[in-house]
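S.K.:
Number of protein chains: 2
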Amino acid sequence: MSAPVTISIDAMGGDNAPDIVVEGVRLAHVRLPHVRYLLFGDAARVEPLLDRYPEIRGVCTLRHTDEAVSGDAKPSQVLRTGRRSSMWLAADAVAKGEAAGVVSAGNTGALMAVSKFVLRMLPGIDRPAIAGMFPTERGETVMLDLGANVDCDANNLVQFAVMGEVFARAVLGLEQPSIGLLNVGSEELKGNDAVRSAANTLRESHLPIRFHGFVEGNDICAGTVDVVVTDGFTGNIALKTAEGTVRLYSTFLKESFRASLLAKFGFLFARHALHKVKVRTDPRRYNGAMFLGLNGIAVKSHGGTDAFGFANAIGVAVDLVAHGYNDRIRREFERFKAAEPAPAQRAAGTG
Amino acid sequence: MSAPVTISIDAMGGDNAPDIVVEGVRLAHVRLPHVRYLLFGDAARVEPLLDRYPEIRGVCTLRHTDEAVSGDAKPSQVLRTGRRSSMWLAADAVAKGEAAGVVSAGNTGALMAVSKFVLRMLPGIDRPAIAGMFPTERGETVMLDLGANVDCDANNLVQFAVMGEVFARAVLGLEQPSIGLLNVGSEELKGNDAVRSAANTLRESHLPIRFHGFVEGNDICAGTVDVVVTDGFTGNIALKTAEGTVRLYSTFLKESFRASLLAKFGFLFARHALHKVKVRTDPRRYNGAMFLGLNGIAVKSHGGTDAFGFANAIGVAVDLVAHGYNDRIRREFERFKAAEPAPAQRAAGTG
Chain D
1 MSAPVTISID
11 AMGGDNAPDI
21 VVEGVRLAHV
31 RLPHVRYLLF
41 GDAARVEPLL
51 DRYPEIRGVC
61 TLRHTDEAVS
71 GDAKPSQVLR
81 TGRRSSMWLA
91 ADAVAKGEAA
101 GVVSAGNTGA
111 LMAVSKFVLR
121 MLPGIDRPAI
131 AGMFPTERGE
141 TVMLDLGANV
151 DCDANNLVQF
161 AVMGEVFARA
171 VLGLEQPSIG
181 LLNVGSEELK
191 GNDAVRSAAN
201 TLRESHLPIR
211 FHGFVEGNDI
221 CAGTVDVVVT
231 DGFTGNIALK
241 TAEGTVRLYS
251 TFLKESFRAS
261 LLAKFGFLFA
271 RHALHKVKVR
281 TDPRRYNGAM
291 FLGLNGIAVK
301 SHGGTDAFGF
311 ANAIGVAVDL
321 VAHGYNDRIR
331 REFERFKAAE
341 PAPAQRAAGT
351 G
Chain S
1001 MSAPVTISID
1011 AMGGDNAPDI
1021 VVEGVRLAHV
1031 RLPHVRYLLF
1041 GDAARVEPLL
1051 DRYPEIRGVC
1061 TLRHTDEAVS
1071 GDAKPSQVLR
1081 TGRRSSMWLA
1091 ADAVAKGEAA
1101 GVVSAGNTGA
1111 LMAVSKFVLR
1121 MLPGIDRPAI
1131 AGMFPTERGE
1141 TVMLDLGANV
1151 DCDANNLVQF
1161 AVMGEVFARA
1171 VLGLEQPSIG
1181 LLNVGSEELK
1191 GNDAVRSAAN
1201 TLRESHLPIR
1211 FHGFVEGNDI
1221 CAGTVDVVVT
1231 DGFTGNIALK
1241 TAEGTVRLYS
1251 TFLKESFRAS
1261 LLAKFGFLFA
1271 RHALHKVKVR
1281 TDPRRYNGAM
1291 FLGLNGIAVK
1301 SHGGTDAFGF
1311 ANAIGVAVDL
1321 VAHGYNDRIR
1331 REFERFKAAE
1341 PAPAQRAAGT
1351 G
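Protein chains in written order, with the working numbering: chain D, 1 to 351; chain S, 1001 to 1351.
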């Protein structure tokens, strides 16, 4: 953990960039003193922030660019015209080997398109996926895809299962993580063609994977499995529905504790316990969605997060680097190909 | 509200049938004394329960059948062999005009198949949808489809929007309910073909509908719109993810209040406030999913609910009857056809 690691940062990405980005670097620096940062952004705006936090001067290198990807830019447009943007340059630093991973709070679609173009895919993977962590009753669960691919076929889902499995072993340290496919019912006959066909492949294949079978929406937070696999449309909606539900619950709590004098009094005694729950469900703690399947580490921070959340996203990237996720997944795909050529590959099994 | 209404009941459907079903009828009777019940089920098991609650003897008629649909029966198998089952007979009572609506806590897929077969579709509707209510920060939101159709095209989604709109006006009493299409982003370019094409139709059509545009998962609980429209795969997963998140949050609360003596003391004062939140998020209060688009009222209770939940499902059916939902939607579809023939119909606009 103490070898120097360089992370490249899109200093201009996100709703409150570059302020919360640089402040996030400062927070991350406290926890991860061995990490160096390559910041890409507008020097006129970033320099004053670095002046404000002299303690990170020594670990930060700023590369100026006056271009940035806007929040509503179309990915295709960014691919055509965004080569001098802070996002592109930050991803390119990973491709060039100057940094071990990139973190951006910018436009998700653009970051995915740029990362795919600049970093390229790992061999054997057709599409990258966005993975994130969820708090559950049993600990934490990783879910993918959270929005990279709105339409997925069975082959994509099988590949996501493999990527999630390796992640759970390499980064979470689980020995035999269990994998569940998100569906509308646990009976074999339910669901659409893609999930049923993916389940058949995972069940019948000789992949060294512990396939649990189908899981439902309530299983995500229950922690029924270690890895929940789904398409990007459903995964994104499940993630945001869960976030919205947490917000609703805490609003109800607040209203309830404001409703009477007794309740206000109760709040004084309950405050500590309530605060602990708030911390456990704080979305900033789970900030940092991982782009898996690329030939390099890329992490997307929530665009509206604060410095605390951005620092967590940096932590996620450093974790992936420290555990050598990409080398592991490259080796695992070799192993899977040896076990059974078909499922992880689109072409005939010549692997 | 006081004209007599008859509801037919599948007394053998659900995990704890017929016990919680008959007890649910008893609870519903307290709130809705004008409602009569036609119960279908095994007399040897239901009669003793009616003996236990003499106050509902006068409003209940029991029709014996010794067949019941099992929880794991395939819908196609029930359609072939289930004509004497309590579920089928209860739905058939609506088709025959003996009851104004049917309530069952049995197998969802079977109830949908039987209801479609026995009650038939309303004219102009290709597929029925399952609709349910969600608590939100602004009140309540109706969402559909919650699982009747795992694959939906744009035309289905447009029809769901119309059915949800009429429901919000007829049953919830909203004057101009707003409609949102669930998607992975609010930008027009995101999402799959079906939602994008449905959005274009809703936006450009002359349907007298207040179309808000796309909404995301977090908008469900935020109450951004009155009606959330989605396919049955996504809707079912969003519903169950929200339920699982509420369960997780309350588990975290319980753990937190047990963690120390001060927290336990705090709980004593906070108990009332916490109980209010529990009531507001209690899934039993939202029990009773409505099958919309059929030529008759059918309501599905959660299979694992208790008597309180089942009584709520009866209340939902009585509400739909009292507000004449099916007549309203039949008239509205006429009106929509007059406004613009294309979107709500599959064939060329000859309506």
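Even for Gly, the Cβ is constructed at its ideal location relative to N, Cα and C.
What beta strand (DSSP E) runs, 3 residues minimum, are completely inside the segment 213-255 of chain D?
M.R.: For the segment 213-255 of chain D, whole beta strand (DSSP E) runs of length 3 or above, ordered along the chain, are 227-229.
S.K.: Taking its Cβ as the centre, do 16 or more other Cβ atoms sit within 10 Å of F40 of chain D, making it buried, or is it exposed?
M.R.: Buried, since its Cβ has 16 or more Cβ neighbours within 10 Å.
S.K.: Does T251 of chain D come within less than 8 Å of chain S when only Cβ atoms are used?
M.R.: Yes, its Cβ sits closer than 8 Å to a Cβ of chain S.
S.K.: Output yes if chain S places a C-beta closer than 8 Å to the C-beta of F291 of chain D; else output no.
M.R.: No, because no Cβ of chain S sits closer than 8 Å to the Cβ of F291 of chain D.
S.K.: Just the chain S side, please: which residues come within less than 7 Å of C221 of chain D by C-beta, in chain order?
M.R.: Near C221 of chain D (Cβ distances below 7 Å), the residues of chain S are G1244, T1245, R1247, L1248.
S.K.: Note down the Cα distance separating G58 of chain D from L1268 of chain S, rounded to an integer number of angstroms.
M.R.: Going by the C-alpha atoms only, they are around 52 Å apart.
S.K.: Thinking just about the alpha-carbon of each residue, which of S:L1146, S:A1095, S:G1139, S:L1038 is nearest to the one in M1290 of chain S?
M.R.: The option with the nearest alpha carbon to M1290 of chain S is S:L1146.
S.K.: Chain D partners of F1160 of chain S, CB-CB under 7 Å?
M.R.: Ordered by position in chain D, no residue passes the 7 Å Cβ test against F1160 of chain S, which lies about 16 Å from the chain.
S.K.: Are any of the Cβ atoms in chain D nearer than 8 Å to that of L1111 of chain S?
M.R.: No, no contact with chain D.
S.K.: Give the straight-line distance between the Cα atoms of L1383 of chain S and K1337 of chain S, rounded to the nearest whole angstrom.
M.R.: Within the shown structure, residues of chain S are numbered from 1001 to 1351, placing residue 1383 of chain S beyond reach of any answer.
S.K.: At least one CB of chain S closer than 8 Å to the CB of N236 of chain D: is that the case?
M.R.: So yes, N236 of chain D belongs to the interface.
S.K.: So with CB distances below 9 Å, who are the chain S contacts of T201 of chain D?
M.R.: Here the premise fails: no neighbours, minimum Cβ distance about 19 Å.
S.K.: Excluding five sequence neighbours on each side, which residues of the same chain lie with their C-beta closer than 7 Å to the C-beta of G1109 of chain S?
M.R.: Here the set comprises P1075.
S.K.: Can you tell which of S:H1064, S:D1015, S:A1131, S:R1196 has the C-alpha that lies nearest to the C-alpha of V1228 of chain S?
M.R.: Of the candidates S:H1064, S:D1015, S:A1131, S:R1196, the one whose C-alpha sits nearest the C-alpha of V1228 of chain S is S:A1131.
S.K.: Given V299 of chain D, which residues of its chain have a CB within under 6 Å of its CB, disregarding the five upstream and five downstream residues?
M.R.: Correct list, in chain order: V103, G288, M290, A313, V316, A317.
S.K.: Taking 8 Å as the cut-off, decide whether the C-beta atoms of V195 of chain D and L157 of chain D are in contact.
M.R.: Closer than 8 Å, so yes.
S.K.: Let's test the definition: count the other Cβ atoms within 10 Å of the Cβ of K116 of chain D and tell me whether it reaches 16, buried, or not, exposed.
M.R.: Its Cβ being crowded by 16 or more others within 10 Å, K116 of chain D is buried.
S.K.: Within 8 Å of any Cβ in chain B, is that where the Cβ of E67 of chain D sits?
M.R.: In the structure shown, chain B cannot be found, because the protein chains are D and S.
S.K.: Is M12 of chain D helix, strand or coil by DSSP?
M.R.: The answer is coil: DSSP assigns M12 of chain D none of H, G, I, E or B.
S.K.: What runs of the alpha helix (DSSP H), each 4 residues or longer, lie entirely inside the segment 1076-1122 of chain S?
M.R.: Complete alpha helix (DSSP H) runs here, min 4: 1086-1095, 1108-1119.
S.K.: Please state the DSSP three-state secondary structure of D306 of chain D.
M.R.: Reduced to three states, the DSSP call for D306 of chain D is coil.
S.K.: Which residues in the same chain as G304 of chain D place their Cβ atom closer than 6 Å to its Cβ, once the five residues preceding and following it in sequence are excluded?
M.R.: Only D15 meet the Cβ criterion.
S.K.: Compare the C-beta of F1265 of chain S against all C-beta atoms of chain D and say whether one is closer than 8 Å.
M.R.: Answer yes: the Cβ-Cβ gap between F1265 of chain S and chain D drops below 8 Å somewhere.
S.K.: Assign G185 of chain D to one of three DSSP states: helix, strand, or coil.
M.R.: G185 of chain D: coil per DSSP, three-state reduction.
S.K.: From A1017 of chain S to T1224 of chain S, what does the alpha carbon distance come to, in whole angstroms?
M.R.: In a straight line, the C-alpha of A1017 of chain S is about 38 Å away from that of T1224 of chain S.
S.K.: Below 7 Å on C-beta distance, what does F214 of chain D contact in chain S?
M.R.: Ordered by position in chain S, no residue passes the 7 Å Cβ test against F214 of chain D, which lies about 11 Å from the chain.
S.K.: Per DSSP, what are the beta-bridge partners of P54 of chain D in this structure?
M.R.: P54 of chain D is not bridged to any residue.
S.K.: Near V1078 of chain S, what residues of its chain come up, given a Cβ to Cβ distance below 8 Å and the 5 sequence neighbours on each side ignored?
M.R.: Within the same chain, V1078 of chain S has close Cβ partners V1069, S1085, M1087, W1088, N1107, A1110, A1113, V1114.
S.K.: Verify whether the separation of the beta carbon atoms of L174 of chain D and D226 of chain D is less than 8 Å.
M.R.: Yes.
S.K.: Assuming A367 of chain D contacts A28 of chain D (C-beta within less than 8 Å), just tell me the rounded distance between them.
M.R.: Residue 367 of chain D is absent from the structure shown; chain D starts at 1 and stops at 351.
S.K.: The segment 1070-1084 of chain S: which residues have C-beta closer than 8 Å to a C-beta of chain D, in chain order?
M.R.: The segment 1070-1084 of chain S vs chain D, Cβ under 8 Å: D1072, K1074.
S.K.: Spell out a yes or no on whether the segment 233-248 of chain D and the segment 1230-1242 of chain S are touching, meaning 3 or more CB-CB pairs, one atom from each, closer than 8 Å.
M.R.: As far as the Cβ criterion goes, the segment 233-248 of chain D touches the segment 1230-1242 of chain S, which means the pair count is three or higher.
S.K.: Could you name the residues of the segment 140-159 of chain D whose beta carbon sits closer than 8 Å to any beta carbon of chain S, in the order they occur along the chain?
M.R.: So the list reads G147, V150, D151, given in the order they occur along the chain.
S.K.: Taking Cβ-Cβ distances shorter than 8 Å, what residues in chain D pair up with N1218 of chain S?
M.R.: The contacting residues are K240, T241, E243, G244, R247.
S.K.: Residues of chain S with CB closer than 8 Å to the CB of V277 of chain D, please, in chain order.
M.R.: By Cβ distance, chain S contributes Y1249, F1252, L1253, S1256.
S.K.: How would you list, in chain order, the residues of chain S whose beta-carbon sits under 7 Å from the beta-carbon of H64 of chain D?
M.R.: Here the premise fails: no neighbours, minimum Cβ distance about 30 Å.
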